[in-house]
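Residue numbers (our numbering): 43 to 834.
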């Protein structure tokens, strides 16, 4: 097979060399791409890193020329054929280089190849490097990798065209389209190299026209630097067709590799439980109030509930006893997201479907084991998924109780199916002999861990069973779901947006608030309430995506879409005569009835953009005022904390509108830290804010995907955690941050969306990561003094 591939590849590489030479050739007397990046015209032969594969240098760096390498907030130089890049990222959201040929590269003759970079980190901090490859059709594919500190040159590769999977996946066939249910799959060949991790964008680009290659760092807290000594196009080695077979052991760990902390038998779990229990005191630190507030700090007004106050120009929470309080903690302390799709399913007539009164989304529900009647109808729905597991129990054995079911999924190879929670099974293995039962023992252990690690709260999506622990404060949450009408932002990532002017939306908001009230029961240990999460209010990619809700809603009929009817009312109130709107928007709408029936909403001019901002503000104001009304109706003493804006979806109009109705603005920010430039807008709003989610992961724990922010290993992960938290503590507007999440994702992807990230403080075997634990202890011990200074 390899010999045939090599012959084919030699021919295509010869064509490629000609194509690159033509695409980069001089077309005039000025300096052009060939002066900077010169293609090799012969094969390099066998690669040491990837045996028997064929490769060819795509670029050579010439010290005499640099016009084709475009730096952005970066410094570049070339010596001895090596490109030196210094990313000046400390006060920039983006720093990088763009390599762009005068004429796009044509790689269409290649069907199974990758792009590889030889890189060394020459700085003092690990580098999360983003690789963006763009084609002539305007599509982009983003991947990322972490380059560790050190003087060793390593190879990092990105597949441009994947393997033909044939019968393994007959629906997609080509690997880059393959949907396994894992956000990142195991490598499809063995090597000492590092594959760029897939992030977002169009995976199968138009290889007949690759327009540019960007390498960058983003929202870094430190200046960083790398050297690039080689960029190659290479044939992919022979495909390992068993790359997804038996990858999970009976503990839910990687079955194909060893790593520090791997559990091999039940006795190791038992011994770990015994050893850890010896470290617990069960009490808060000596300099903390009973709620975790700063006992050594100033004593403010005690209201019996959590509130906010600005102290010495810095926002803070104040605990029920009147002490300054910063909220640090961990999200997802529950079993709901610990399960993974097994590949089995059941006849749907045995599956109980949700009712219209349901207020809990599918991924927030518990394991939801099916009925005995359903079990009898069990069948294999995906051989590819079932083959991943080297072990699954039967339903009639003790560990069979950890099976569950998901009636819907956001993404993955199956829309619904059986699930299994290895984490839950490991809890039974670890705590099953305890007199109080393994679930109560797990709860007690978790609370003791949070106190021992110095955290002051339990973050979002904590199981309500923890709400009455009365040892550590908690954050409550709810979702507004139901049969209200919807609108679209054009990019409804998690779900369509609610039609907030539909009266049913307020009805469902009230129903959600009532459920939260019944769970919280007026408990003063509740810091506040998040409602909804990462709503698609609009993206910053373009003007059209920022105002997507308006752009899409204006095309609808106001008779059926209440939000559109409100948009019509607002514009009619502003302009009166339709001719004035036509003049302002450069439109030719006959009358207001036609406007209300649906119009071409394409954006023509700045006036229209201003009006779209008014309409988006009206939408956001209605959303947040409605939710606030519901929350305060049932829980007037508790803080309303908003909907946790994702950093990819926080139009300023929406953030500003939320500030009128929430007590604390919440954001989810997956970056290396909070840069001053990114968050300078908070000075204008002057509101207390909180980070609802952030995380950092690595690939040395057996998982195939490190998460959205990458460290080089567990020790580096802990250092990056400390850096992030320091950036939060040092920002006068933020009153805390919650890490996402308590438990690593399942190695085969969580059932809802396939996330298989190393982002836990504990592994699937409930084993804490020591470096992370020590980092948390250090930050939590110092945070009040760092924030507010020594008090006399």
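Just so it is clear, CB atoms sit at the ideal spot from N, CA and C, and this is done for glycine as well.
For residue i and residue j, which I take to be in contact (beta-carbon distance under 8 angstroms), what is that distance rounded to the nearest angstrom?
i           : j           : result
residue 711 : residue 733 : 6 angstroms
residue 148 : residue 251 : 7 angstroms
residue 286 : residue 227 : 7 angstroms
residue 522 : residue 574 : 6 angstroms
residue 771 : residue 714 : Not confirmed; about 15 angstroms, so no contact.
residue 278 : residue 205 : 7 angstroms
residue 835 : residue 581 : The question about residue 835 has no answer here: the residues shown for the chain are numbered 43 through 834.
residue 434 : residue 470 : The pair is not a contact, with the Cβ atoms about 15 angstroms apart (cut-off 8 angstroms).
residue 423 : residue 386 : 6 angstroms
residue 782 : residue 366 : Residue 782 to residue 366, Cβ: 25 angstroms. No contact.
residue 708 : residue 572 : 6 angstroms
residue 189 : residue 163 : 5 angstroms
residue 344 : residue 324 : So it is not a contact: roughly 25 angstroms between Cβ atoms.
residue 432 : residue 292 : 7 angstroms
Kindly identify the DSSP beta-bridge partner or partners of residue i.
i           : result
residue 126 : 119, 269
residue 370 : 779
residue 545 : Answer by DSSP bridge pairing: none, since residue 545 is not bridged.
residue 349 : 360
residue 735 : 710
residue 242 : 184
residue 507 : Partner(s): none; residue 507 has no beta bridge.
residue 386 : 422
residue 140 : 112, 256
residue 799 : 747
residue 658 : In DSSP, residue 658 forms no bridge with anything.
residue 810 : 804
residue 172 : 186, 258
residue 197 : 160
residue 460 : 447
residue 519 : 572
residue 643 : The partner list for residue 643 (beta bridge, DSSP) is empty, contrary to what the question assumes.
residue 705 : Answer is none; residue 705 lacks a bridge partner.
residue 540 : 528
residue 236 : 198
residue 206 : 216
How about residue i and residue j: are their beta carbons less than 9 angstroms apart?
i           : j           : result
residue 368 : residue 498 : yes
residue 281 : residue 231 : yes
residue 796 : residue 224 : yes
residue 268 : residue 169 : yes
residue 837 : residue 488 : As shown, the chain starts at 43 and ends at 834. That puts residue 837 outside it, with no answer to give.
residue 264 : residue 165 : yes
residue 807 : residue 472 : yes
residue 719 : residue 130 : no
residue 774 : residue 355 : yes
residue 813 : residue 780 : no
residue 253 : residue 308 : no
residue 375 : residue 508 : yes
residue 249 : residue 173 : no
residue 270 : residue 160 : yes
residue 383 : residue 448 : yes
residue 702 : residue 667 : yes
residue 562 : residue 680 : yes
Less than 9 angstroms between CB atoms is the rule here; does residue i satisfy it with respect to chain C?
i           : result
residue 481 : Protein chain content of the structure displayed is limited to a single chain, and chain C is not contained in it.
Given 8 angstroms as the limit, is there contact between the segment 528-536 and the segment 636-651, that is, 3 or more CB pairs closer than that?
Taking a cut-off of 8 angstroms for Cβ pairs, the segment 528-536 and the segment 636-651 do not touch, as fewer than three such pairs fall below it.
At 3 residues or longer, and completely inside the segment 554-627: list those beta strand (DSSP E) runs for me, N to C.
Taken in chain order, the complete beta strand (DSSP E) segments of 3 residues or longer contained in the segment 554-627 are 568-573.
Can you give, in chain order, each stretch of the alpha helix (DSSP H) that sits fully within the segment 414-448 and has at least 4 residues?
Runs of the alpha helix (DSSP H) inside the segment 414-448: 414-417, 425-428.
Counting beta carbon pairs with one atom in the segment 341-353 and one in the segment 814-821, are three or more of them shorter than 8 angstroms?
Segments in contact, no.
Three or more C-beta pairs under 8 angstroms: does that hold for the segment 783-796 against the segment 294-312?
Contact between the segment 783-796 and the segment 294-312 is present: three or more C-beta pairs spanning the two stretches fall below 8 angstroms.
Would you check if the segment 752-767 and the segment 401-414 touch, i.e. whether three or more CB-CB distances between them fall below 8 angstroms?
The segment 401-414 makes no contact with the segment 752-767; the number of CB pairs closer than 8 angstroms stays below 3.
Taking one C-beta from the segment 114-121 and one from the segment 234-242 each time, how about it: are there three or more such pairs within less than 8 angstroms?
Three or more Cβ pairs closer than 8 angstroms define a contact, and the segment 114-121 falls short of that threshold against the segment 234-242.
Would you call the segment 599-611 and the segment 652-664 in contact, with 3 or more CB pairs under 8 angstroms?
Touching, per the Cβ criterion.
Any chance the segment 792-807 sits against the segment 738-756, with 3 or more Cβ pairs inside 8 angstroms?
These segments touch.
Flag this pair as touching only if the segment 553-571 and the segment 627-636 have three or more C-beta atom pairs under 8 angstroms; answer yes or no.
Under the three-pair Cβ rule at 8 angstroms, the segment 553-571 does not count as touching the segment 627-636.
Quick check for students: name the residue ranges of the beta strand (DSSP E) that lie wholly in the segment 258-342, counting only runs of 3 or more.
Listed in chain order, they are 266-277.
For the 8 angstroms Cβ check, are there 3 or more pairs between the segment 478-493 and the segment 320-335?
Yes, since at least three Cβ pairs between the segment 478-493 and the segment 320-335 fall closer than 8 angstroms, the two stretches touch.
State whether the segment 668-676 contacts the segment 690-697, with contact taken as three or more CB pairs (one from each stretch) at a distance under 8 angstroms.
Short answer: they don't touch.
Would you be able to state if there are at least three C-beta pairs under 8 angstroms between the segment 501-520 and the segment 534-546?
When Cβ pairs closer than 8 angstroms are counted between the two stretches, the segment 534-546 is seen not to touch the segment 501-520, the count staying below three.
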